[in-house]
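*Asks:* I'd like to ask you about the structure that follows.
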Amino acid sequence: MLIVGAIAVIRFAERHKSKRPWLVQLLARKNVKVAAVALANNNARMIWAMMTNGERYRDPQIA
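In my numbering, the protein residues as written are 159 to 221.
As structure tokens, this is what we get:
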């Protein structure tokens with residue numbers, strides 16, 4: 159499920175100007191599927207950290 163979500167984010171980032179510079183750089187260097195796994199891993203780590211600490215998601219631009 160995380161991979162499917164990551165692919166959707168990548169497709170959106172390819173069509174629009176992405177606000178994630180590391181994702182744009184990763185897509186320039188790697189295959190889309192590799193970038194999707196990297197993004198899914200990043201999301202899984204954020205989810206795990208929020209669950210274990212009992213925190214709510216904060217948008218990085220706002221935080």
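For every residue, glycine included, the Cβ atom is placed at its ideal position computed from N, Cα and C. From a predicted model like this one, the values you see are computed outputs, not experimental measurements.
Do three or more CB pairs link the stretch 170 to 185 to the stretch 205 to 217 at distances below 8 Å?
*Replies:* No, the stretch 170 to 185 does not touch the stretch 205 to 217.
*Asks:* My guess is that residue 164 and residue 194 are in contact by the Cβ rule of under 8 Å, so how many angstroms apart are they, rounded?
*Replies:* Confirmed, Cβ separation roughly 4 Å.
*Asks:* Is the CB-CB distance between residue 186 and residue 178 below 8 Å?
*Replies:* Not closer than 8 Å, so no.
*Asks:* Work out the CA separation of residue 209 and residue 176 for me, nearest whole Å.
*Replies:* If I take the Cα positions, the gap works out to 27 Å.
*Asks:* Quick one: measure Cβ to Cβ for residue 196 and residue 160, integer angstroms, because I've assumed they're closer than 8 Å.
*Replies:* Actually they are not in contact, since the Cβ atoms of residue 196 and residue 160 sit about 11 Å apart, beyond 8 Å.
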